[in-house]
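One structure is given below, encoded as C-alpha cells.
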Amino acid sequence: MTSSLPSDTRLGAHEIGAETVIIGAGVIGLAIAQRLARDGRSVLVPERHEGIVRETSSHNSGVIHAAIYYDTGSLKHRLCWEGNPQLYEWAAAHRVSTRRTGKLIVALAEEERGGLDEVYQQAIANEARDIERISATRARELEPHVPAVEAIWSPSTGVIDAFALSRSYKVAAGTNGALFAFQHTVLAIERTPSGFALTVRDGAGATSTVRCAALINSAGFGAPQVAAMLGYPLDGGAHEGIDVPVLRQRANAGRYYDIIDRAVARLVSHPVYPLPEHAASGLGLHLTVDVEGGVHLGPSTEWLAEDAPLNYRNVEDAEWRARFLAAGRRFLPDLRDHQIAPGQVGYRPKLQRPDGTPEDFLVWHDRGYVHLGGIESPGSPPACRWQMRWQTRCASAVS
C-alpha cells in the first residue's frame, strides 16, 4: 500500500494494493480494521458514505448488552458475553463515555411471571454475569416509578457513546496505517490468482482498481450486493463447488420516541425492558437511557419491503405515537402525550424472514473472502471482541 497517502484519502484514478480490504466503515469493520492494522497488516477501508457509521452502527440504543437473550453457544451469545467486559476496558482506555447503569427486565403483570422465568433460565444458561431475579420491592428500589411485579437485574449492562466508540476504532486503525476511502463505492469485484481486484468509484466519478489478498465484506445492508458481485447465490446453494449459506437480508426498521420532559426523564435511571417479543423479531419497546442522561422509548420492529429505501427521518405518525405512549405508560403510568416526541430511526439488516425465527450472526469464509451478514443488535460488545476473535480467521482466509 502507498504509505504516503493520508489515512483519509481519495484513491483517484490509481491502482492500489493492500493485504486486506474491508468494505464498510461501520463499527464492526472499524474494529477489525484497527486490530489487523495493529498486527501489521496493510488495510484499506472503502466506504460509500462521507464518514464512518452512517447506518446501523449509529442509529441504535447504545446499550452494552450482557448476553441474556441469545441462543446458548450462538455467535451473538459468545461474542456478546466475551465482549462485554472488554468493551468497558476499551472505553476507559480510549476515553469513550460509558455508564454502567445495569438493566431491569420487568414483569408488569402477574401473568408475565412465566415469561420472566424463561428469560431468567436463558440468562443462567448463557452465564450472564451477576444476573439476579429480584422482587417487586427491590425493583422499586432501583426504579421507584416502574410498577414491576418482579424483575431480572443485570448489573453488567450499560450504555455507551456509540459514535465515540466507532471513532476510537478509526483513530486506532489510522494510527497503525489503515487507509479510509470515504465516498468510494465498490462497483465490481473479480477473483485473481493472488486474491481480488475491486473497481471503486469515488465521489468525483473517478474509478480506481484496488487489489488485495483478503476481502472482508462488512458492508451492512450492502453485504448481499457485494457478495453478488462475486457470483454467490443470495438465497444459498452451490457455487463453484462451495456450499453457500443464505446471504439475502431484509431491513427491519426501529423508530424511537424521546422523553422530552426533563422532569420525567429524571425519573428513570436504568434501561428498563419488557419481556422480549421474539415473534416480532425484537426485545419490545423499552426505556433506555444514554450517556448524557436522555431517556428514549423504542425501538419498534417494522419489516420493510426488499426494495424500500432507508429513511432516517422519524416523521410524526399518529398511530405510532399512540403505540409508543401506551408502551411508555406501562413503565411510567403518568406519562403524557406532550412529554414525548419523535426521536431517531434505525434499521437492522436481518437474515431472519418476517415469519421466521431469529437468526444468528453470519460469518462465512470462502478462499480469502469473509462475509459478515445479519450484523444487527447486539453489535457493540461483539465489535470489541470481534477484532480479536476473528483476526486469525480473517488472516487465515488468505490461505
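Quick note: the sequence shown uses the numbering used here, first residue -12, plus one each step.
Don't be surprised by glycine CBs; every beta carbon is placed ideally from N, CA and C.
In the three-state reduction of the DSSP assignment, residue 59 falls in the coil class, being assigned neither a helical nor a strand state. Residue state for residue 143 is assigned as coil, using DSSP reduced to three classes. Cβ-Cβ distances below 6 Å link residue 160 to 20, 21, 24 in the same chain, with the five nearest sequence neighbours on each side left out; the list follows chain order.
With a cut-off of 8 Å on Cβ pairs, the region 29 to 49 is not in contact with the region 129 to 142, counting fewer than three such pairs. The three-state reading of DSSP puts residue 107 in helix, counting H, G and I together. Shown here, residue 356 sits in a strand according to DSSP, grouped into three states. Annotation for residue 119: the continuous beta strand (DSSP E) segment containing it runs 119 to 122. A distance of 8 Å or more separates the beta carbons of residue 110 and residue 103. If you ignore the 5 residues before and after residue 54, its C-beta comes within less than 6 Å of the C-beta of 64, 67, 68, 113, 115, all in its own chain and listed in chain order.
Contact between residue 78 and residue 88 does not hold, since their C-beta atoms are separated by about 14 Å, which reaches or exceeds 8 Å. The alpha-carbon separation between residue 155 and residue 75 amounts to approximately 13 Å. In the DSSP assignment, residue 21 falls within the unbroken alpha helix (DSSP H) covering 14 to 25. Within 10 angstroms of the beta-carbon of residue 245 lie 16 or more other beta-carbons, which makes it buried. Three or more pairs of CB atoms, one per stretch, sit closer than 8 Å, so the region 248 to 266 contacts the region 121 to 139. Within the DSSP bridge table, the entry for residue 169 names 34 as partners. A direct Cα-Cα distance of roughly 29 Å separates residue 284 from residue 210. Approximately 6 Å separates the beta-carbon atoms of residue 222 and residue 233; this is inside 8 Å, confirming the contact. Here residue 345 is buried, its C-beta having at least 16 other C-beta atoms within 10 Å. A direct Cα-Cα distance of roughly 40 Å separates residue 310 from residue 357. In the three-state scheme derived from DSSP, where H, G and I count as helix and E and B as strand, residue 1 is classed as coil. Positions of the beta strand (DSSP E) runs, each at least 3 residues long and wholly inside the region 164 to 250, are given as 166 to 169, 172 to 179, 182 to 188, 194 to 204, 224 to 226, 229 to 231, 237 to 246 in order along the chain. As the crow flies, the alpha-carbon of residue 80 is around 22 Å from that of residue 48.
Your pair residue 186 and residue 196 checks out as a contact, with CB atoms roughly 6 Å apart and the cut at 8 Å.
At least 8 Å separates the beta-carbon of residue 170 from that of residue 338. For the pair residue 297 and residue 201, the CB atoms are not nearer than the 8 Å cut-off. Just measuring C-alpha positions, the residue of 132, 226, 144 sitting nearest residue 124 is 132. The residue among 82, 135, 117 with its C-alpha nearest the C-alpha of residue 97 is 135.
Distance between residue 120 and residue 99, taken at the CA atoms: about 14 Å. Using a Cβ distance threshold of 8 Å, residue 333 and residue 348 do not count as a contacting pair. DSSP places residue 299 in the coil class of the three-state scheme, outside both helix and strand. Short of 6 Å from the beta carbon of residue 229, and not among the five residues preceding or following it, lie these beta carbons of its own chain, in chain order: 353. Around the Cβ of residue 242, a 10 Å sphere holds 16 or more other Cβ atoms; the residue is buried. C-alpha of residue 163 to C-alpha of residue 82: approximately 19 Å in a straight line.
Secondary structure at residue 72: helix, using DSSP grouped into helix, strand and coil. Residue 274 and residue 206 have their C-alpha atoms spaced approximately 29 Å apart. The continuous alpha helix (DSSP H) containing residue 313 extends over residues 305 to 318.
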